[in-house]
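> Residue numbers (my numbering): 1 to 358. A virtual CB, placed ideally from N, CA and C, is assigned to each residue, including glycine. Remember, it's a predicted structure, so these values are computed and weren't measured experimentally. Got a structure for you, written out below as structure tokens; questions coming shortly.
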């Protein structure tokens with residue numbers, strides 16, 4: 001199923017791009033987008049690519065580059081490392097940490113592999129096994145025997161970012177399910193790359209002006225987007241915005257009452273979340289487009305969620321919407337999406353921005 005799409009998704013997801021150190025992802029996206037569009041970078045790292053058009057309407061389609069992860073908080077005398085969260089909240093939470101292989105990004109852009117340890121079952125005892133691990137009880141082991149060895153031989157320093165070291169893999173008889181780290185939001189970035197290629201094939205006189213934005217520092221509280229939104233507004237840009245991210249689903253055991261979307265039922269048109277109401281006309285336009293072209297979609301209200309759209313709305317004054325790719329196990333090293341949903345998201349947005357149904 002779309003081998004080139006799979007290869008590009010795996011490449012994006014497996015690149016290390018923690019909040020504050022998104023450079024590898026930004027370099028890849030810039031190289032891909034520059035084949036079709038003029039690309040620039042603002043002072044904080046957001047990438048903006050522009051495809052000029054002649055139609056009255058102008059679009060900004062956005063996804064974020066950074067992924068969840070940790071930071072080296074301290075280095076102990078015996079060579080073990082302690083971790084801190086590198087996000088706006090305590091995610092990914094400690095349920096998913098023990099035994100995970102992690103990758104440290106050093107100051108010199110080298111990688112150091114480690115594994116998360118905790119007190120073994122033999123030592124924890126009957127009561128200890130019942131306790132949810134706290135960050136204070138976990139540590140990262142890289143094979144060092146002293147703090148000096150950590151610093152001098154491995155080149156690891158306090159503040160170095162840490163990401164999951166997992167591969168992108170496929171499940172299902174038709175390989176429809178893809179899982180691994182950083183589907184949030186590398187799957188969204190892949191949508192942008194596909195839109196760039198598709199829209200560039202439309203004659204300039206028949207297409208809208210399109211700006212594809214790859215933001216930084218979303219996972220620490222949608223910080224990077226405010227910079228680019230303010231800049232675009234200062235440049236006099238008049239546009240509507242669609243942000244592309246992943247959206248939690250409620251189709252696994254015990255989650256049905258927590259979220260309504262499912263995998264394999266199409267992209268999610270989000271009406272409201274805990275940060276904002278999305279633009280009503282854009283929500284209706286996305287719905288009409290899906291209906292016209294028989295693209296399956298789901299509408300959803302999230303209670304514990306937010307996206308870069310709030311930055312475009314509040315700092316740029318742009319009418320904003322959110323299309324989410326359904327995703328199981330969000331903020332884990334095994335985030336899972338349906339490739340059918342991914343393809344439907346690309347179809348929906350390519351039709352939406354190139355047709356007058358809004």
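#1: With DSSP collapsed to three states, give me the class of residue 325.
#2: Using only the alpha-carbon positions, how far apart do residue 246 and residue 269 sit?
#3: Whose C-beta lies closer than 8 Å to the C-beta of residue 106 among residues of the same chain, with five residues either side of it excluded?
#4: Report the residue from 192, 202, 201 and 203 whose alpha carbon sits nearest the alpha carbon of residue 211.
#5: Can you look up residue 278 in the DSSP assignment and give me helix, strand or coil?
#6: Quick one: give me the first and last residue of the beta strand (DSSP E) that residue 21 is part of.
#7: Can you round the beta-carbon distance between residue 217 and residue 164 to whole angstroms, since I take them to be within the 8 Å contact cut?
#8: Rounded to whole angstroms, what's the CA-CA distance from residue 358 to residue 199? Just pull it up for me.
#9: Excluding sequence positions up to five away, which residues of its chain have a Cβ less than 7 Å from the Cβ of residue 264?
#10: Tell me the DSSP secondary structure of residue 346 in three-state form.
#11: Where does residue 358 fall in DSSP's three states?
#12: Going by C-alpha to C-alpha distance, which of 134, 307, 254 and 248 sits closest to residue 261?
#13: Using 8 Å as the threshold, is the region 22 to 29 in touch with the region 135 to 150, meaning 3 or more CB pairs across them?
#14: Spell out a yes or no on whether the region 73 to 80 and the region 306 to 320 are touching, meaning 3 or more CB-CB pairs, one atom from each, closer than 8 Å.
#15: Does DSSP put residue 247 in a helix, a strand or coil?
#16: With distances taken from CA atoms, which of 251, 136 and 60 is nearest residue 330?
#17: Cβ of residue 46 within 8 Å of Cβ of residue 214?
#18: What do you reckon, are the CB atoms on residue 325 and residue 267 nearer than 8 Å?
#19: Answer with yes or no whether the minimum CB distance from residue 88 to chain B is below 8 Å.
#20: Using only alpha-carbon positions, find the residue among 336, 333, 183 and 257 that is nearest to residue 64.
#21: Using only the alpha-carbon positions, how far apart do residue 126 and residue 120 sit?
#22: I'd like the list of long-range same chain contacts for residue 351, defined as Cβ closer than 7 Å, with 5 residues on each side in sequence excluded.
#23: When burial is assigned at 16 or more other CB atoms within 10 Å of the CB, is residue 335 buried or exposed?
#24: May I ask you to verify whether the region 80 to 97 touches the region 10 to 24, counting CB pairs closer than 8 Å and requiring at least 3?
#25: Go through its chain and collect everything with a Cβ distance to residue 146's Cβ below 8 Å, but skip five positions before and after it.
#26: I'd like to confirm the pairing. Which residues does DSSP put opposite residue 82 in its beta bridges?
#27: So for residue 192, helix, strand or coil by DSSP?
#28: Which same chain residues end up closer than 7 Å to residue 228 when comparing Cβ atoms and leaving out the 5 residues on each side of it in sequence?
#29: Can you tell which of 59, 171 and 168 has its C-alpha closest to the C-alpha of residue 240?
#30: Starting from residue 149, trace the alpha helix (DSSP H) both ways and give me its first and last residue.
#31: Helix, strand or coil for residue 228 per DSSP?
#32: Under 8 Å between the Cβ atoms of residue 116 and residue 97?
#33: Tell me the rounded alpha-carbon separation between residue 355 and residue 255.
#34: Bridge partners for residue 179 per DSSP, in chain order?
#35: Just to confirm my understanding: we take residue 302, look at its own chain, exclude 5 residues before and 5 after, and list those with CB closer than 8 Å. What are they?
#36: Taking the CB atoms as reference points, tell me whether residue 138 and residue 118 lie closer together than 8 Å.
Judging by the given coordinates:
#1: strand
#2: 11 Å
#3: 112, 154, 155, 156, 157 and 160
#4: 192
#5: coil
#6: No beta strand (DSSP E) holds residue 21; DSSP gives it neither H nor E.
#7: Rounded, the Cβ-Cβ distance is 19 Å, inconsistent with contact.
#8: Low per-residue confidence applies at residue 358: pLDDT is 49, beneath 50, and the placement is therefore not dependable, though the value from the model is reported in the following sentence. About 18 Å.
#9: 338, 340 and 341
#10: helix
#11: Annotation note: pLDDT 49 at residue 358 (below 50); position unreliable, no value reported.
#12: 248
#13: no
#14: no
#15: strand
#16: 251
#17: yes
#18: yes
#19: In the structure shown, chain B cannot be found, because there is only a single protein chain.
#20: 183
#21: 11 Å
#22: 289 and 293
#23: buried
#24: yes
#25: 77, 78 and 79
#26: 74
#27: helix
#28: 42, 46, 48, 213 and 215
#29: 59
#30: 147 to 152
#31: helix
#32: yes
#33: 36 Å
#34: 169 and 336
#35: 247, 248, 259, 270, 272, 273 and 274
#36: yes
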